[in-house]
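Novice:
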Amino acid sequence: MNRIVIVGNGPAAHRLVERLRAHGHAGPITVLGREEHPAYNRVLLGAVLDRTLTPATLALPVVDAEVHLRVTATEIDRARRVVRTDNGDEHPYDVLVLATGSRPRLPEIPGLGGERLQALRTLADCARIGSAAGPVAVLGGGILGVEAARALLARGHEVTLVHPNPHLMDRQLDDVGGRLLAERLGKLGVELRLGRRAVAYRRGQLVLDSSDVVPAGLVVACTGVTAETGLAVRAGLPVRRGIVVDDRLRTSDARIHAIGDCAEHDGEASGLIASAWEQADALAELLAGGDARYRGTRTVTRLKARGIDLASIGSVDCLQSTDAEVVTLSDPARGRYAKLALREERIAGAVLFGFPEAIAAVSQLHDRDLPVPTDRLALLLGTPAAVPGAPAELPEDAVICRCNNVTKKALTAAWQGGARSVPELARATRATTGCGGCVDDVGRLCGALADRTEHQKEGAA
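Here's what the structure looks like:
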């Protein structure tokens, strides 16, 4: 009997259970979750915050496993192969998977704490933020901070976004892309304080290092995360930024694996949901007797903020490289900007702002490691010389939803089977239920299929 115990009940753990069962694993699987909620997709918390989605819609499908909620794993007895929890239970394992995730890094600011300082990491966090009234300050201008600021603005709050660097999303965007994003947020109504740090909190106001004050009944911290490695440390497993694993996602103990935010592979602890899911896929295949390896994840980061089409693909460092062909298209009058870095005719990095259909085309080329068309401009503008950009023009085997590996063919089949809207297609295929970045693409495909059907009816009349 191959008993698998998974510590953690987030998206990575959930994906692992699904894939294990899909690969035919028939043995017992035990999942230990700290939160009170069954597994849900925390990547879409911003959509709950801005009321686009309800908390219930984030729930992931029930899996075939023994799931324990509100329990914390406190100790691993490697000699006896047992995990102990805070309620006194012991869970024996043949294989142990650590999917403990990460915790928010909260800034230490004099005068700020308690109910005035809030992270955005769980459904409980989302509920607390949602109950707040008055002006809100968001600390951190990475992707989560930008999404949180946009969501809070949609709720009717006066929002100030404070970021210590000169441009937003500096890990994903070049300076031009960051500046355009700032301009768009400013036009929407977000007050921006870039290149500034919060140094104190006094009587409902956040004090910046410029001595300016920002009104803030609540401060939402989006200032990074730290891998949850405590359980591994206590068990004597090697830990650096995360729990160190090899290409088989193994720790130094061959019976213990780690995936997701808590894992460090090849010196990287990415914290990206796409990495967590690919690690879960690889580990499930390995535990089912396959020979998979995890070699890293091709990164595609798509901002989930209402009214902003923005994606960062591959390495942003390549955009400044002297050994890459760099293609830039700037259209400030329409609020559009694109920059591609090409090596050996393939996409090494890209920033796309205001080009939703180009995002689909460039993502496909990057995912498949395919050469770009000779006419670079056509690729960005979606003209006939380009590879297909609109979802309806993509080949049938093109992956529309990267998170759940849903192809255009699968979506088309579901549409023909009666799923005629984005929510219905989501229920039928799980497309859009991962990071949410493909919602617009699925919507465009849905519309194109409806148009095609209407034209066919008119032609037959």
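So for the sequence shown, full-length UniProt numbering puts the first residue at 1; every next one is plus one. By construction, the Cβ of each residue, glycine as well, lies at the ideal position given by its N, Cα and C atoms. Only a predicted model underlies this, so the values are computations on that prediction, with no experimental measurement involved.
(1) Decide if the region 5-13 is in contact with the region 274-291; the criterion is three or more beta carbon pairs, one per stretch, under 8 Å apart.
(2) Kindly provide the ranges of any beta strand (DSSP E) runs that are 3 or more residues long and lie completely inside the region 259-295, ordered along the chain.
(3) Beta strand (DSSP E) containing Val326: first to last residue?
(4) Which of helix, strand or coil does DSSP assign to Asp163?
(5) From Val136 to Ala284, what does the alpha carbon distance come to, in whole angstroms?
(6) Would you be able to state if there are at least three C-beta pairs under 8 Å between the region 349-358 and the region 296-314?
(7) If you draw a straight line from the C-alpha of Leu106 to the C-alpha of Ala99, how long is it?
(8) Output the residue ranges of the beta strand (DSSP E) runs that lie fully inside the region 148-213 and measure 3 residues or longer, sorted by chain position.
(9) Classify Gln279 as buried or exposed, calling it buried when 16 or more other Cβ atoms lie within 10 Å of its own Cβ.
(10) Go to Ile359, then tell me how far its alpha helix (DSSP H) extends in each direction, as first and last residue.
(11) What number of angstroms, rounded off, separates the C-alpha of Val406 from the C-alpha of Ala360?
(12) Look up Cys401 in the DSSP assignment and give the residues it is bridged to.
(13) May I ask you to report which of helix, strand or coil DSSP gives Glu344?
(14) If we ignore side chains and look at the alpha-carbon of each, how far apart do Arg184 and His91 end up?
(15) Does the separation of the CB atoms of Ala221 and Leu329 fall below 8 Å?
(16) Expressed to the nearest angstrom, what Euclidean distance is found between the alpha-carbon atoms of Arg197 and Arg241?
(17) According to DSSP, is Ala419 part of a helix, a strand, or is it coil?
(18) Quick one: give me the first and last residue of the alpha helix (DSSP H) that residue 465 is part of.
(19) Which residue wins for smallest C-alpha separation from Glu345, given the options Ser363, Pro371, Asp367?
(20) Have a look at Arg84 and Leu45 and give me their C-alpha separation to the nearest angstrom.
(21) Return helix, strand or coil for His257, following the three-state DSSP convention.
(22) Taking the alpha-carbon positions, what's the residue 462 to Leu394 distance?
(23) What is the DSSP secondary structure of Gly314, reduced to helix, strand or coil?
Specialist: According to the structure shown:
(1) With the rule of 3 Cβ pairs closer than 8 Å, the region 5-13 counts as touching the region 274-291.
(2) Given a length threshold of 3 residues, each whole run of the beta strand (DSSP E) inside the region 259-295 is given here in chain order: 263-265.
(3) Against the sequence shown, residue 326 aligns to sequence position 326. In the DSSP assignment, Val326 falls within the beta strand (DSSP E) that extends over 325-331.
(4) Locating residue 163 in the sequence shown gives position 163, where the first residue counts as 1. For the record, residue 163 in the displayed sequence is His; it is not Asp. Note: His163 maps to strand in three-state DSSP.
(5) The residue given as residue 136 occupies position 136 in the sequence shown. The residue given as residue 284 occupies position 284 in the sequence shown. Looking at the backbone, the Cα of Val136 and that of Ala284 are separated by about 42 Å.
(6) At 8 Å Cβ cutoff, the stretches touch.
(7) Position 106 of the sequence shown holds residue 106. Position 99 of the sequence shown holds residue 99. Leu106 and Ala99 have their C-alpha atoms some 22 Å from each other.
(8) Entirely contained in the region 148-213, the beta strand (DSSP E) runs reaching 3 residues are, in chain order, 159-163, 191-194, 198-202, 205-208.
(9) Here the question's residue 279 lines up with position 279 in the sequence shown. It counts as buried.
(10) Start at 1 with the first residue of the sequence shown, and residue 359 comes out as number 359. Taken as a continuous stretch (DSSP letters only), the alpha helix (DSSP H) holding Ile359 covers 356-368.
(11) As a first step, residue 406 is located in the sequence shown; it is residue number 406 there, counting from the start. As a first step, residue 360 is located in the sequence shown; it is residue number 360 there, counting from the start. Here the alpha carbon of Val406 sits roughly 14 Å from the alpha carbon of Ala360.
(12) The residue given as residue 401 occupies position 401 in the sequence shown. According to DSSP, which records beta bridges pairwise, Cys401 is partnered with Val406.
(13) For this step, residue 344 is matched to residue 344 along the sequence shown. Under the three-state reduction of DSSP output, Glu344 falls in the coil class, being neither helix nor strand.
(14) Taking the first residue of the sequence shown as position 1, residue 184 is located at position 184. Taking the first residue of the sequence shown as position 1, residue 91 is located at position 91. Rounded to the nearest angstrom, the two C-alpha atoms are 51 Å apart.
(15) Position 221 of the sequence shown, counted from the first residue, corresponds to residue 221. Position 329 of the sequence shown, counted from the first residue, corresponds to residue 329. Cβ distance not < 8 Å, so Ala221 and Leu329 don't count as in contact.
(16) Counted from its first residue, the sequence shown places residue 197 at position 197. Counted from its first residue, the sequence shown places residue 241 at position 241. Straight-line spacing of the CA atoms in Arg197 and Arg241 works out to 25 Å.
(17) The residue you call residue 419 lines up with position 419 of the sequence shown. It is coil, neither helix nor strand.
(18) Outside the displayed span of the chain (1 to 461) sits residue 465, for which this structure offers no information.
(19) Residue numbering aside, residue 345 sits at position 345 when the sequence shown is read from its first letter. Nearest to Glu345 by C-alpha distance, out of Ser363, Pro371, Asp367, is Pro371.
(20) Taking the sequence shown and counting its residues from 1, the one referred to as residue 84 is at position 84. Taking the sequence shown and counting its residues from 1, the one referred to as residue 45 is at position 45. Our two residues, Arg84 and Leu45, have alpha carbons roughly 31 Å apart in a direct line.
(21) Here residue 257 corresponds to residue number 257 of the sequence shown, with the count starting at 1. When secondary structure is reduced to three states using DSSP, His257 falls in the strand class.
(22) The structure shown does not extend to residue 462, since the chain is modelled only from 1 through 461, so no value can be given for it.
(23) Against the sequence shown, residue 314 aligns to sequence position 314. Three-state DSSP puts Gly314 in a strand.
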